[in-house]
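In my numbering, the protein residues as written are 12 to 269. Idealized CB from N, CA, C, for every residue including glycine. Here the structure is a predicted model, which is why all the values come from computation and not from measurement. Beneath this line is the structure, given in structure tokens, with notes to follow.
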């Protein structure tokens, strides 16, 4: 019937077998996209799954449709997939259609890469679309003008809100690789601009928070999730330094905040 009515490509040399119709999992698999965004309200909602793909990963051909289906069911919205790739080869691979097996249900990922992202070396242009400037830096990491691209982005970030600028700086630095990443780290270390000082401060705070947690772990002191989140979220260096000193001598987690 399936062959006659729908021309489904069913194997002819093997039998069908019944499997569980319960499609929920007793031990749920963990699926984490790099980012999930939800635009609009009610019937006008659109979900966007964003992935930064630094290299080919065949597993993603199976999990990307899951991301979209899960977001669609969870948020009751249409959903789409955007993949950001730093090189032409990965971008071509990511753009290949994913045939899910259901007739007409072929996923065509939307791909952002060096093939469709402009090279931005003008500060005014970068300030006008800071998101595009950040993506330009990531997707053109191997471009001959990458130093100029990163310098332009660094200067443009000084013309927007410093907290937002720090988030962009962190995102770009993590997404870059190789010499481009080292150049971005060098720019961030100069502390020429306000947001760069805040960026450096945030890195220091993360290191101090990690030191607190490692000290507690070494002394076998249990750390509840809410306490771990409180320590990791702290950005006040003097407070973190106090916690480091206390972690070396306390016996219970309550004494850390005494």
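Between the alpha carbons of residue 90 and residue 179, how many angstroms are there, rounded?
Going by C-alpha positions, residue 90 is about 24 angstroms away from residue 179.
Can you have a look at residue 37 and say buried or exposed, based on whether 16 or more other CB atoms are within 10 angstroms of its CB?
No answer about residue 37 holds up, because its pLDDT of 49 lies below 50 and its placement is not dependable.
If contact is defined by three or more beta carbon pairs under 8 angstroms, each pair taking one atom from either stretch, is the stretch 164-182 in contact with the stretch 133-146?
Segments in contact, yes.
Would the beta-carbon of residue 124 fall within 7 angstroms of that of residue 150?
Cβ atoms of residue 124 and residue 150: closer than 7 angstroms.
Rounded to whole angstroms, what's the CA-CA distance from residue 109 to residue 183? Just pull it up for me.
Distance between the alpha carbons of residue 109 and residue 183: 28 angstroms.
Burial state of residue 263, where buried means 16 or more other Cβ atoms lie within 10 Å:
The residue in question, residue 263, is exposed, as its Cβ has fewer than 16 Cβ neighbours within 10 Å.
Coil, strand or helix - residue 261 by DSSP
Three-state DSSP puts residue 261 in coil, outside helix and strand.
Measure the beta-carbon distance from residue 200 to residue 167 and round it to whole angstroms, keeping in mind my assumption that it falls under 8 angstroms.
Contact doesn't hold; Cβ gap of about 18 angstroms is too wide.
Tell me, to the nearest whole angstrom, how far the beta carbon of residue 226 is from that of residue 258; I am working on the premise that it is less than 8 angstroms.
The beta-carbon separation of residue 226 and residue 258, rounded to 4 angstroms, stays under the 8 angstroms limit for a contact.
Bridge-paired residues (DSSP) for residue 84:
Note: residue 84 sits in no beta bridge, so no partner.
Can you find a CB in chain D that lies within less than 7 angstroms of the CB of residue 180?
The structure shown has no chain D; it contains just one protein chain.
Can you tell me whether residue 240 is buried or exposed, with buried defined as 16 or more other CB within 10 angstroms of its CB?
For residue 240, the number of other beta carbons within 10 angstroms of its own is below 16, and it is reported as exposed.
Distance check for residue 250 and residue 260, CA to CA, integer angstroms please.
In this structure, the straight-line span from the alpha carbon of residue 260 to that of residue 250 is close to 16 angstroms.
Determine the extent of the beta strand (DSSP E) in which residue 62 is found, giving its start and end residues.
From DSSP, the beta strand (DSSP E) with residue 62 extends over 57-63.
Can the beta-carbon of residue 94 be found closer than 7 angstroms to that of residue 105?
For residue 94 and residue 105, yes; Cβs fall inside 7 angstroms.
Simplified DSSP assignment, three categories, for residue 71:
In this structure, residue 71 counts as helix in the three-state DSSP scheme.
Cut-off 7 angstroms between Cβ atoms - residues of its own chain near residue 195, not counting five sequence neighbours on either side:
The residues are 161, 183, 184, 187.
Tell me whether the stretch 13-23 and the stretch 51-68 touch, counting them as touching only if at least three CB pairs, one residue from each stretch, are closer than 8 angstroms.
Segment contact: the stretch 13-23 against the stretch 51-68, fewer than three CB-CB distances shorter than 8 angstroms; contact not assigned.
For residue 147, count neighbouring C-beta atoms within 10 Å of its own C-beta (all shown protein chains included) and say buried if the count is 16 or more, exposed if not.
Counting Cβ neighbours within 10 Å, residue 147 comes out buried, since at least 16 surround it.
Cα-Cα, which of 153, 102, 29, 62 is closest to residue 42?
Taking residue 42 as reference, the option from 153, 102, 29, 62 with the minimal CA-CA separation is 62.
In the DSSP assignment, what are the bridge partners of residue 50?
Under DSSP, residue 50 shares a beta bridge with 57.
If you draw a straight line from the alpha carbon of residue 92 to that of residue 127, how long is it in whole angstroms?
Rounded to whole angstroms, the separation of the alpha carbons of residue 127 and residue 92 is 16 angstroms.
Nearest neighbour of residue 44, chosen from 64, 265, 222, 97 [CA to CA]:
Per the Cα distances, 64.
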